[in-house]
Structure formats: structure tokens, C-alpha cells
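Colleague: So the sequence shown is residues 10 to 329, counted in this note's numbering. A virtual CB, placed ideally from N, CA and C, is assigned to each residue, including glycine. Questions regarding the structure given below will be posed in turn.
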Amino acid sequence: MIKNDKILSNIIAGQAVHKFYGGVVPELASRAHQQQIVPVVDSALKKAGITPDQLTGIAYTQGPGLLGSLLVGSSFAKAMGMALNIPIFPIHHMRAHVLAHFIADSGMRTPPFPFICLTVSGGHTQLLRVSDPQSFEILGETTDDAAGEAFDKAARLLNLPYPGGPEIDKLAAKGNPQKFTFTKPKVPGLNFSFSGLKTGFRNFVMNNQQKNPDFISENLPDLCASLQNTILEMLMENLKRAAKQTGIRHIALAGGVSANSGLRAMLEKEALASGWETYVPPLAYCTDNGAMIAIAGYFAMLAGDAGTQADAARARWKIG
Ligand code: KG4
Ligand code: ZN
Numbered sequence: 010m011i012k013n014d015k016i017l018s019n020i021i022a023g024q025a026v027h028k029f030y031g032g033v034v035p036e037l038a039s040r041a042h043q044q045q046i047v048p049v050v051d052s053a054l055k056k057a058g059i060t061p062d063q064l065t066g067i068a069y070t071q072g073p074g075l076l077g078s079l080l081v082g083s084s085f086a087k088a089m090g091m092a093l094n095i096p097i098f099p100i101h102h103m104r105a106h107v108l109a110h111f112i113a114d115s116g117m118r119t120p121p122f123p124f125i126c127l128t129v130s131g132g133h134t135q136l137l138r139v140s141d142p143q144s145f146e147i148l149g150e151t152t153d154d155a156a157g158e159a160f161d162k163a164a165r166l167l168n169l170p171y172p173g174g175p176e177i178d179k180l181a182a183k184g185n186p187q188k189f190t191f192t193k194p195k196v197p198g199l200n201f202s203f204s205g206l207k208t209g210f211r212n213f214v215m216n217n218q219q220k221n222p223d224f225i226s227e228n229l230p231d232l233c234a235s236l237q238n239t240i241l242e243m244l245m246e247n248l249k250r251a252a253k254q255t256g257i258r259h260i261a262l263a264g265g266v267s268a269n270s271g272l273r274a275m276l277e278k279e280a281l282a283s284g285w286e287t288y289v290p291p292l293a294y295c296t297d298n299g300a301m302i303a304i305a306g307y308f309a310m311l312a313g314d315a316g317t318q319a320d321a322a323r324a325r326w327k328i329g
């Protein structure tokens, strides 16, 4: 729940069921959304101390994401908007990650326009030039898997719980990032590719396991540190090139992987070397959260960008 750019409540319902299966099962995710949407909206209103008749608009995630879960949110928003006779605002999930930087919160440093945002999540890896709250230009993006997916798949191979990113992050802090090296792909422009690394890592681990069944347990922190270091170097190399090519020195991180402590440390190191000003949201606004959808809704409202019923049904998922 948001009042202008101030968050009044930010309720997140965890979906513990995915831990059990080691990943997101789409059907279970949409069922969990169905079960949780009413209690979540209820407690968001209660915590904010407002009643539904005081609402002036409803923002919801239009996409990209899992269709079943998106449908639960969009149907709920449409119904509630119609019942209260207030506008609804379809929001692009990745735009919302970036706009989380504009939440008025004591822990926030808000980037000035234009800035570059490295947006890294479980489904996306993008380098964006952000010129105003509605203008996003993709400078580069992944041609296959996302960085978060590489973390999650590698973690699964190492028998770590889902989501794997935070687990690898923790273990990497105790390991040697130079112990193992993995081949980085050559990708044109400012684009990324993580599927080769994923396969290379799998082959490396499995070959070693054949020779030594305890290979994973004997090398876990070093495997995590070396894999994480490779992923982060790939991200940082393109980020540095993007900053150089555009001449922009205001650099932001967004998305679930921006919670990674190694990435935050590398960014700060590079900021000192290159004279960047950096912007990283508090952890609660990095991984998926309702507040980022609300702030994006606030900007959509300012821009008069209300969605119609037809908009809500249309797949309008291009970020630019
Ligand atoms: O943005 P997000 O919460 O959901 C999507 O939109 O996908 O991002 C989730 C991704 C997962 O792949 C998760 O493993 C990763 O963010 N992640 C991390 C960390 N925390 C979350 N990856 C690396 N280090 C972390 N600390
Ligand atoms: Zn996300």
C-alpha cells in the first residue's frame, strides 16, 4: 500500500511449497496466489490503517511471469477496481524492479536521470538506460538464461535448497573464488549468455563426482565462490562497458540477484576505481515485493497511464 511515494505497508506471502520441490511449480504457484491474495490485501490495508473506499487506484503485475499467477493478480485487481470504481494500472515486472529505487524510504539513495540499471532476477538479466520513470532502453540482455537461473540451477546440482542464489552467496563468502575456473562465453554487444556456464558447471561437477563421490561436499564453498565469481565477472564486464559507452556514471542495481553480497562488493570496488555513483536498494526491495509494483503504479498514475480491461488482457510486456 502506497501514499504518493511513501510505503504504508509491504506484505509478502512466502510460497514455502517451492522449497519442497526445489523450484517453482507453476500450478502450485497459481494455487498459492489464489489462496493468499485476499488475506494479503486484507493485511496490507490493516497495516496501512486505511479502508478500501480510501483507495484511488490499484496497480498489479501484468507480466512477464507465470501466467497462472499473473491471472490471479490481474483478475483480482480488475474486480476490485470495478467494485470500487477506481482505475487499475497494469505494471511491467522489470520496470517495477527499477522503479523500486524511487520509494521514499530512509534506506534509499535515489538515482538521478539518466542512469544505468543492471536488472538481474530469476527470469531476466538486462542492462537498461533509464531516462525517466517511463523511458527504459535495453542496452543489453541475456540471450538465453537469466543470472538468477544460473545461481538456482547450480545450487540444485549442489543439493542446496531453493532459491539457490542466497545459499550460494552465503557459502561463497567462505570459499576461494579462484579455485576453479569456468569458461565465459563470447556474446556480441552488451548481451549476456548463461546457459553455457550452466552446462559447463554441471559437466565439471559430474565428471569430478565420478572420480570422487565426495567432490561436492569436500569443495562446496570453493565451488560456490568460483561459480559466483564467474557470474559476477560476466555481469560487471558488461556493466563497465555500458558505463563507458554511454558516459553515464550513475549506476544502479535491481532485481533479486542484486541482493548478492559479492555483486554489491564488486560494484563498490568498481565505483571507487571508475568514479561511479552507485544505487542499490535495501534487501527488502531487491527480491520480488509489492512495494515496487505500488511505486510503479504511482508513476503510471502521474503519467495518466491507467489500464483498460483490454490492456489488462493484452500481453504488453516490452520494457522499452
Ligand atoms: O526478482 P526476483 O525476486 O524474482 C524474479 O523476478 O525472478 O529474483 C529471484 C532470483 C532467484 O534466482 C534468486 O536465487 C536470486 O534472485 N537471488 C540471489 C540472491 N537473493 C536472491 N542471487 C544471488 N545472491 C543472492 N543473495
Ligand atoms: Zn522479480
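1) Would you call the CB atoms of I302 and A113 closer than 8 Å?
2) Considering only residues of the same chain and omitting the five flanking positions on each side of R250, which have a CB-CB separation below 7 Å?
3) Leaving aside the five residues before and after A57 along the sequence, list all residues of the same chain whose C-beta is less than 6 Å from its C-beta, in chain order.
4) What are the partner residues of E150, as DSSP defines its beta bridges?
5) Terminal residues of the continuous beta strand (DSSP E) containing K98?
6) Assuming L262 contacts L272 under a Cβ cut-off of 8 Å, what Cβ separation, rounded to an integer in Å, is found between them?
7) Is the separation between the beta-carbon of V81 and that of S130 shorter than 8 Å?
8) Does at least one heavy atom of the ligand ATP sit under 7 Å from the Cβ of H106?
9) Can you grab the Cα-Cα spacing for the pair D154 / F203, in whole Å?
10) Kindly list the residues whose CB is nearer than 6 Å to the CB of I225, restricted to its own chain and excluding five residues on each side of it in sequence; keep chain order.
11) Looking at the structure shown, is I240 part of a helix, part of a strand, or coil, going by DSSP?
12) Cβ-heavy atom distance between G174 and the ligand ZN below 7 Å?
Modeller: In short:
1) no
2) Short of 7 Å from the beta carbon of R250, and not among the five residues preceding or following it, lie these beta carbons of its own chain, in chain order: L199.
3) M10, L17 and S18
4) Q135
5) Here the sequence assigns Phe to residue 98, which means Lys is not the residue at that position. That run of the beta strand (DSSP E) goes I97 to H101.
6) 7 Å
7) no
8) For the ligand ATP, the structure offers nothing, since it holds only the ligand KG4 and the ligand ZN.
9) 5 Å
10) L167
11) In the three-state reduction of the DSSP assignment, I240 falls in the helix class, which pools H, G and I.
12) Not under cutoff, so the answer is no.
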